[in-house]
Structure formats: C-alpha cells, structure tokens
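Here's the structure, in structure tokens; my notes come after.
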Amino acid sequence: MDLSDSPEDAEFRARLREWLGKVLPTLPPKPSPDDWPGRRAHDLNWQRTLYDAGYADVHWQASPAVRLIFLEETERAGAPYVGANFVGLLHAGPTIAAEGTPAQRARWLPPVLRGEEVWCQGFSEPDAGSDLAALRTRAWRDGDDYVVSGSKIWTSHAEVADWCELLVRTDPGAPKHRGITWLAMPMDAPGITVRPLRTLAGSAEFAEVFLDEVRVPVAHRVGEENDGWRVTMVTLSFERGTAFVGEVVACRRVLGELALEARRNGRWDDPALRRRLGALDAGFRALWRLTQWNVSEAEAAGGPPGIGGSVFKLRYSQARQELYDVAADVLGDDALDLDRPWVADRLSSLSYTIAAGTSQIQRNIVAERILGLPKGR
Numbered sequence: 004m005d006l007s008d009s010p011e012d013a014e015f016r017a018r019l020r021e022w023l024g025k026v027l028p029t030l031p032p033k034p035s036p037d038d039w040p041g042r043r044a045h046d047l048n049w050q051r052t053l054y055d056a057g058y059a060d061v062h063w064q065a066s067p068a069v070r071l072i073f074l075e076e077t078e079r080a081g082a083p084y085v086g087a088n089f090v091g092l093l094h095a096g097p098t099i100a101a102e103g104t105p106a107q108r109a110r111w112l113p114p115v116l117r118g119e120e121v122w123c124q125g126f127s128e129p130d131a132g133s134d135l136a137a138l139r140t141r142a143w144r145d146g147d148d149y150v151v152s153g154s155k156i157w158t159s160h161a162e163v164a165d166w167c168e169l170l171v172r173t174d175p176g177a178p179k180h181r182g183i184t185w186l187a188m189p190m191d192a193p194g195i196t197v198r199p200l201r202t203l204a205g206s207a208e209f210a211e212v213f214l215d216e217v218r219v220p221v222a223h224r225v226g227e228e229n230d231g232w233r234v235t236m237v238t239l240s241f242e243r244g245t246a247f248v249g250e251v252v253a254c255r256r257v258l259g260e261l262a263l264e265a266r267r268n269g270r271w272d273d274p275a276l277r278r279r280l281g282a283l284d285a286g287f288r289a290l291w292r293l294t295q296w297n298v299s300e301a302e303a304a305g306g307p308p309g310i311g312g313s314v315f316k317l318r319y320s321q322a323r324q325e326l327y328d329v330a331a332d333v334l335g336d337d338a339l340d341l342d343r344p345w346v347a348d349r350l351s352s353l354s355y356t357i358a359a360g361t362s363q364i365q366r367n368i369v370a371e372r373i374l375g376l377p378k379g380r
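The numbering used here puts the first residue of the sequence shown at 4, with every later residue one more than the last.
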C-alpha cells in the first residue's frame, strides 16, 4: 500500500502549512484551564477562523487522507486544539453527516462548522461505563416528544454545551443492544441539571448530567427508534479511528522534548532510559503508519473508519501512559510539581485506557471482530 501523499494531497499540505504560518501568530492567548466560558470562546474563535479560510469541513467532507494531513499539520504547527468543539467536530458532527436526515444536517452541521454551537457527549452512566449498552436512562414517547429521565456521567464539556448527543433506552423489554435510541438534546431544555466533575489534575472538563422528564422532539432522533446502538457504532468508529490522530503527532513532539531535557539534566547518561525513549519513538512511528493504513482503508471503502481503529486506540492509550511515565523519570523529583511541563499530562494520560472504550473492551473487539474468536460467556 502506497502511504505517500498524492500530488493533490501534497499541494493541500503545502497550502495549509503556509496558511498556518501566517495566521497562528495573530491568535489571542489561550485562557486559563479553569475559565471554561473563556475556553469556549477561544475554541469557537479558532473554528470560525478555520471556517473563514475554507478548512472547517475537513473532518466531514474531505477524504480521509486530507483529514489526516490536516490533523498532522495543525498539531505540528502548534495550532489550537479543537477543545470544546471536540464532540461536535469529531463525534456528533460526523455521525449526523453519515446518519442524519437532510433537515438534520442542515440544522446542526453549519453551526458547528462556523464555530457557533458546542456539543457534549451523553453516553456513559454511573452503572454503564464499559458496558455502555447497559445504560438505563429512559425515554418514552409522548406525542411528538420523547420524555427523558435518568443521568449521565463523564459528559464532556456539558457545562458549556448547546447540544448533547444522548443515548437513551426506548424499549426496556428488548435485548440491551436493541432498545437504544440516539437523540440530539438541547442543553437549555427544562429538567437538565449539570454538575461539573473535577479531575485528578484539577480540571473540570467533565460533568454529571441529571435528566428529569426532559422533553426532546422526536425530530431530534438520529436514525430509527431502537436503532441507536448501530448509530453509536458509527460515532465510536470516528472517536477511535481519527479523533486521536493529532495526539500521536503531539506525543512524538513531546518525545523529542524529553530527549532534550534528559540531555540537559544529565539523565541521558542512563542507557535504560535511552532504550525506553527509543522504543517509544519506534512505537509512535508504527502508530502513525497504522493510522495512515486505517484512513487509506476507509477511503477505499468509502465509509467511516473500521474496526482497525480499536487496534490503534488500544495501543495508543497504553503508549501515551508509557510516554508520561518516562517523562516522570526524566523530571525526577520535579515530576510532583504540577507547574512543570508534562506533569498534568501524566495525570490525564491515566484516563486514556478508559476514554472512548476501555482497553478491555477494545481487546474484546479485536478478539471477536478481527481474530474471529468466540464471544465470552
């Protein structure tokens, strides 16, 4: 398989690189991590900047190869991360683009692309994390509305979101994977309570969301009633397939910075540390090639990323933890200082074997869907 840029892709890469070099020095500074209204405004401003320059729709309309180039070049240039736009751009937006009606695409996609609306993800529940299909948030039909009651946890960006991609149980008598529906819920609807959750690193990008007879129009259902699990698999294929691509580039950059720091503070003299850095370098290079292969396969198939995304996500989440464990060894006693580079990242890296599907779930997917092994009893 040829993983090199086509002439058209090479031209896009050069044009994007030139544009980034001009626009990034003009951007305002990033707000503090605790200023979520400020972070929302900052992230939406960046999305609007992309929109005005014609780059806003690369996540949905461009080929997988162009999407990969965009993520690679923006990360290498130090462009702002999608931040509060993460769910809208990389989860809900692609799902609606693939599964929504024309009216739904017309209503929800342009505001995300223009940097006008933020989405959050209402999937996990206190008793349905790894076993997502065991969710119990209930929705029942009442005329033209669904009435929703229940709770969600680890709801990304709920405190600043306009919309929520919400999984609900619409048929409690059906097998658990078959009674689920995917809804788009307005976050200003009566009956919604948001309670931010503070993480180990002190940030609060997640929240608990409590739903007390919240009315969601039936017209906000994406896909058919009780077909939400299939729609969710489309969402998760994007989350595991391409959403972490830019972070692989970031990890490779951090690896280089760690090597420089080790040379500066004398820890480079430790041969075991050098071997670990070398192994990580090889690992992240392999992950990058795997990403290229996955998007090439998706482009050839004409659909979303496939189950190869689970292989990528499984290995990447572990490699990220290994990277920041090495960072702690490079920093020595300073690894306990939250003001030092990489320390907060090390704390957040602990969540990557849980986020977007736990490593145990990814191993099951690989075993059953790639290796053809039987399901566990």
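Even for Gly, the Cβ is constructed at its ideal location relative to N, Cα and C.
Just so we're clear, the structure is a prediction, and the values are computed from it rather than from any experiment.
**OP:** Go ahead and label P67 buried or exposed: buried means 16 or more other beta carbons lie within 10 angstroms of its beta carbon, across all protein chains shown.
**Re:** Position 64 of the sequence shown, counted from the first residue, corresponds to residue 67. So P67 counts as buried.
Subject >> Nearest-angstrom Cα separation, counted from S313 out to D12 >> reply: Translated into positions along the sequence shown, residue 12 becomes position 9. Translated into positions along the sequence shown, residue 313 becomes position 310. The alpha-carbon atoms of D12 and S313 are separated by roughly 26 Å.
Subject >> Nearest residue (CA-CA) to T173, options N268, W166, G182, C167 >> reply: Along the sequence shown, read from residue 1 onward, the residue named residue 173 stands at position 170. Checking every option, the nearest Cα to that of T173 belongs to G182.
**OP:** Look at the Cβ atom of V212, then the Cβ atom of G91, and state whether they are nearer than 8 Å.
**Re:** Along the sequence shown, one-based indexing puts residue 212 at 209. Along the sequence shown, one-based indexing puts residue 91 at 88. No, the Cβ-Cβ distance between V212 and G91 is not below 8 Å.
**OP:** Using the DSSP secondary-structure output, state which residues sit across from F315 in a beta bridge.
**Re:** Stepping through the sequence shown from its first residue, residue 315 is reached at position 312. The partner list for F315 (beta bridge, DSSP) is empty, contrary to what the question assumes.
**OP:** Could you round the C-beta distance between L112 and Y54 to whole angstroms and report it? I think they count as a contact, below 8 Å.
**Re:** The count along the sequence shown starts at 1 and reaches residue 112 at position 109. The count along the sequence shown starts at 1 and reaches residue 54 at position 51. Y54 and L112 do not touch by the CB rule: their CB atoms are close to 12 Å apart, not below 8 Å.
Subject >> Buried or exposed by the 16-neighbour rule on C-beta atoms within 10 Å, applied to M190 >> reply: As a first step, residue 190 is located in the sequence shown; it is residue number 187 there, counting from the start. By the neighbour-count rule (16 or more Cβ atoms within 10 Å), M190 is buried.
Original post:
For A17, which three-state DSSP category applies?
Top reply: In the sequence shown, the residue the question calls residue 17 occupies position 14. The answer is helix: DSSP assigns A17 an H, G or I state.
**OP:** Since I believe R255 is in contact with V329 (beta carbons under 8 Å), could you give me their beta-carbon distance rounded to a whole number of angstroms?
**Re:** Walking along the sequence shown from the start, residue 329 turns up at place 326. Walking along the sequence shown from the start, residue 255 turns up at place 252. Wrong, their Cβ atoms sit about 13 Å apart, outside the cutoff.
Original post:
G96 to W63, Cα distance in whole Å?
Top reply: In the sequence shown, the residue the question calls residue 96 occupies position 93. In the sequence shown, the residue the question calls residue 63 occupies position 60. Straight-line Cα distance between these residues: approximately 8 Å.
Original post:
Are the beta-carbon atoms of L258 and D284 separated by less than 8 Å?
Top reply: The residue labelled residue 258 in the question sits at position 255 within the sequence shown. The residue labelled residue 284 in the question sits at position 281 within the sequence shown. Contact: yes.
Subject >> Coil, strand or helix - A95 by DSSP >> reply: For the purposes of this step, residue 95 is taken as residue 92 along the sequence shown, with counting starting at 1. In this structure, A95 counts as helix in the three-state DSSP scheme.
Original post:
What residue from R201, H45, D148 has the CA that sits closest to A192's CA?
Top reply: Against the sequence shown, residue 192 aligns to sequence position 189. Comparing alpha carbon positions, the residue from R201, H45, D148 closest to A192 is D148.
**OP:** Could you please give me the residues that DSSP links to R198 through a beta bridge?
**Re:** For the purposes of this step, residue 198 is taken as residue 195 along the sequence shown, with counting starting at 1. Note: R198 sits in a beta bridge opposite E211.
**OP:** Specify the secondary structure class of K33 as computed by DSSP and reduced to three states.
**Re:** As a working note, residue 33 is residue 30 in the sequence shown. DSSP places K33 in coil when its eight states are reduced to three.
**OP:** Give a yes or no on whether the C-beta atoms belonging to E216 and G231 are separated by under 8 Å.
**Re:** Start at 1 with the first residue of the sequence shown, and residue 216 comes out as number 213. Start at 1 with the first residue of the sequence shown, and residue 231 comes out as number 228. No. Outside cutoff.
**OP:** Under 8 Å Cβ to Cβ from L276, same chain only, skipping five residues before and after it: list those, please.
**Re:** Translated into the one-based positions of the sequence shown, residue 276 becomes position 273. So the list reads A265, R270, V329, D332, V333, once near-sequence residues are dropped.
Subject >> Rounded straight-line distance, which links the Cα of Y84 to that of S351 >> reply: For the purposes of this step, residue 351 is taken as the residue at position 348 of the sequence shown. For the purposes of this step, residue 84 is taken as the residue at position 81 of the sequence shown. Roughly 16 Å separates the two Cα atoms.
**OP:** Drop a sphere of 10 angstroms on the beta-carbon of S7, count the other beta-carbons inside from all chains shown, and report buried for 16 or more, exposed for fewer.
**Re:** For this step, residue 7 is matched to residue 4 along the sequence shown. The residue in question, S7, is exposed, as its Cβ has fewer than 16 Cβ neighbours within 10 Å.
Original post:
Which residues does DSSP pair with R117 in a beta bridge?
Top reply: Within the sequence shown, residue 117 is the residue found at index 114, counting from 1. BP columns for R117 are empty, so no partner.
**OP:** Kindly list the residues whose CB is nearer than 7 Å to the CB of S159, restricted to its own chain and excluding five residues on each side of it in sequence; keep chain order.
**Re:** As a working mapping, residue 159 is identified with position 156 in the sequence shown. Closer than 7 Å at Cβ, skipping near neighbours: F89, V90, C123, Q124, E208, F209.
**OP:** Alpha carbon to alpha carbon, how far is P220 from L200? Give it in angstroms, no decimals.
**Re:** For the purposes of this step, residue 200 is identified with residue 197 of the sequence shown, where counting begins at 1. For the purposes of this step, residue 220 is identified with residue 217 of the sequence shown, where counting begins at 1. Computed Cα separation, rounded: 28 Å.
Original post:
Is it true that the CB of W185 sits closer than 8 Å to the CB of W225?
Top reply: Position 222 of the sequence shown, counted from the start, is the residue given in the question as residue 225. Position 182 of the sequence shown, counted from the start, is the residue given in the question as residue 185. Checking the sequence shown, residue 225 turns out to be Val, not Trp. Contact flag set, yes.
Original post:
So what does K155 bridge to, in DSSP terms?
Top reply: Against the sequence shown, residue 155 aligns to sequence position 152. Bridge partners of K155: V212.
**OP:** Take the Cβ of R243 as the centre, count every other Cβ of all protein chains shown within 10 Å, and call the residue buried at 16 or more, exposed below.
**Re:** The sequence position of residue 243 within the sequence shown is 240, counting from 1. The pLDDT assigned to R243 is 48, lower than 50, so where the model puts this residue is not dependable, and the model offers no usable value.
Original post:
Taking Cβ to Cβ, would you say Q50 is nearer than 8 Å to A44?
Top reply: Residue 50 sits at position 47 when you count from the first residue of the sequence shown. Residue 44 sits at position 41 when you count from the first residue of the sequence shown. It is not a contact, given that the beta carbons lie outside the stated cut-off.
Original post:
Can V234 and T98 be called in contact, C-beta distance under 8 Å?
Top reply: On the sequence shown, position 231 is the one that residue 234 refers to. On the sequence shown, position 95 is the one that residue 98 refers to. The answer is yes: Cβ separation under 8 Å.
**OP:** Starting from T77, trace the alpha helix (DSSP H) both ways and give me its first and last residue.
**Re:** Taking the first residue of the sequence shown as 1, we reach residue 77 at position 74. Its alpha helix (DSSP H) spans residues 67 to 79.
Original post:
Which residue from L74, D38, G57 puts its Cα closest to that of A87?
Top reply: Within the sequence shown, residue 87 is the residue found at index 84, counting from 1. It is D38 whose Cα lies nearest to the Cα of A87.
**OP:** Using DSSP bridges, identify the partner residues of V217.
**Re:** To locate residue 217, count along the sequence shown from 1; it is residue 214. Beta-bridge pairing links V217 to V151.
**OP:** Could you give the DSSP three-state label for G125: helix, strand or coil?
**Re:** Here residue 125 corresponds to residue number 122 of the sequence shown, with the count starting at 1. Three-state DSSP puts G125 in a strand.
**OP:** Assuming V237 contacts A101 (C-beta within less than 8 Å), just tell me the rounded distance between them.
**Re:** The count along the sequence shown starts at 1 and reaches residue 237 at position 234. The count along the sequence shown starts at 1 and reaches residue 101 at position 98. Yes, V237 and A101 are in contact; Cβ-Cβ is about 6 Å, under 8 Å.
Subject >> C-alpha distance - E14 paired with A80, whole-angstrom precision >> reply: Position 11 of the sequence shown, counted from the first residue, corresponds to residue 14. Position 77 of the sequence shown, counted from the first residue, corresponds to residue 80. Distance between the alpha carbons of E14 and A80: 17 Å.
Subject >> Which listed residue (R42, A289, A136, V150) has its alpha carbon closest to that of A177 >> reply: Residue numbering aside, residue 177 sits at position 174 when the sequence shown is read from its first letter. Out of R42, A289, A136, V150, A136 has the C-alpha closest to the C-alpha of A177.
Original post:
Could you give the residue range of the beta strand (DSSP E) that holds L47?
Top reply: By 1-based counting over the sequence shown, the position of residue 47 is 44. Unbroken run through L47 is the alpha helix (DSSP H), 39 to 56; no beta strand (DSSP E).
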